[in-house]
Amino acid sequence: MKVTIIGAGAVGASCAEYIAIKNFASEVVVLDIKEGYAEGKAMDLMQTASLNGFDTKITGSTSDYSKTANSDVCVITSGIPRKPGMTREELIGINAGIVKTVSSSLLEHSPNTIIIVVSNPMDTMTYLVHKTTGIAKNRIIGMGGALDSARFKYRLAEALEAPISDVDGMVIGGHSDKGMIPLTRMATRNSVPVTEFLSKERLEKVATDTKVGGATLTGLLGTSAWYAPGAAVSSMVRAIACDLKKMFPCSALLEGEYGLNDISIGVPVILGKNGIEKIVKIDLTDAEKSKMQESAAAVKKTNELLEL
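Under the working numbering, the first residue of the sequence shown is numbered 33, with each subsequent residue one higher.
This is the structure in structure tokens:
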């Protein structure tokens, strides 16, 4: 199993580290446009191999996509964060250009690869890859829901004062503060609904804290988070590499599912060796359906800023 990660920044390096430590991939290639940066990150990570007990080979490359040839899975983390004075349109325009170039270059050398998109705005960038590459929709996956659900479970365990291994829960919808839909109704502690333990008001706070999880960390750190995004990506890559048929909420292209069409948005899927093996249909309440429609409308509005 060969995995390529585009972008050697904090998120990309974290992805490489967690994939290597889990020891299921034979090779991880990290590529960046900054001269020597990916090579340095790869060398630093390889010097942890004997200490962390992994045999995965990690190599770095400066813009040489030939090094990524025959990758089974490619992860796109590259892009820029929004800067002061920059409009949303400018951010999307810049990142769209980067993602289009990257995905095209990857497919030139790995035509059968599965692509995981991390770059923001994630649902829109995932949709862009669908529209510009023409590859099968099961091979293009947006990461957001896996990360959002991990943050949801963290907040649930905090509220329950329980071990996080006791807790299960899922977030669907768009990967944004307003678009996320934490499914508090379906969340459980060892199969018991969390509604048995937490008040409606406490669950509403859990949902709110989950939605602003990324913004909270940005405020504390002064930059975007990287440990949890890296862990989310590595779990998804492992599910594909090991054909685990594991369920994750991911940004998938919908064609009628959940009453939505021509949009990439977070829904539960089964991940295996073919990428998205199945989109899982769950019964939503009228209120949840309404939130999903609102979330989809916001994603589509952002998609309209793309120049396709």
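Built from N, CA and C at the ideal position, the CB exists for glycine as well. All of these numbers come straight from a predicted model, not from anything done at the bench.
Neighbourhood of residue i by C-beta distance below 7 Å, restricted to the same chain and skipping five residues each side
i    : result
S266 : C47, Y50, I51, K54
L160 : A128, V131, K132, L338
C-alpha distance - residue i paired with residue j, whole-angstrom precision
i    : j    : result
T109 : P195 : 31 Å
I147 : I173 : 6 Å
A329 : K305 : 32 Å
S137 : Y97  : 7 Å
M218 : V149 : 27 Å
G291 : N102 : 36 Å
L83  : E122 : 43 Å
D209 : D87  : 39 Å
K66  : V43  : 15 Å
S346 : V107 : For the chain, the structure presents residues 33 to 340; residue 346 sits outside this window and is missing.
Y69  : I90  : 13 Å
K343 : L139 : A question about residue 343 goes unanswered here, because the residues of the chain that appear run from 33 up to 340.
7 Å Cβ cutoff met for residue i and residue j
i    : j    : result
A284 : I308 : yes
D155 : S327 : no
H207 : G245 : no
K185 : V199 : yes
A178 : L230 : no
P113 : T334 : no
D64  : A40  : yes
V105 : V269 : yes
A239 : P261 : no
T165 : S135 : yes
R183 : T242 : yes
S256 : T250 : yes
M78  : A273 : no
M212 : G205 : yes
Contact belief for residue i with residue j at Cβ below 8 Å, rounded distance in angstroms
i    : j    : result
G92  : A81  : Not a contact, Cβ separation roughly 14 Å.
T158 : T100 : Contact doesn't hold; Cβ gap of about 20 Å is too wide.
V226 : L188 : 6 Å
Extent of the continuous alpha helix (DSSP H) run through residue i
i    : result
M75  : 69-78
C47  : 42-54
E236 : 232-243
S266 : 259-273
Other residues of its chain near residue i: CB distance less than 6 Å, five sequence neighbours each side excluded
i    : result
I124 : L337
G111 : N127, I130, S151
P300 : M279, P281, V312
A263 : Y50
L235 : T216
Element boundaries [beta strand (DSSP E), containing residue i]
i    : result
M212 : 212-214
P281 : 278-287
heavy atom of the ligand GDP below 6 Å from residue i C-beta
i   : result
M33 : In terms of ligand content, the structure shown is empty, and the ligand GDP therefore cannot be addressed.
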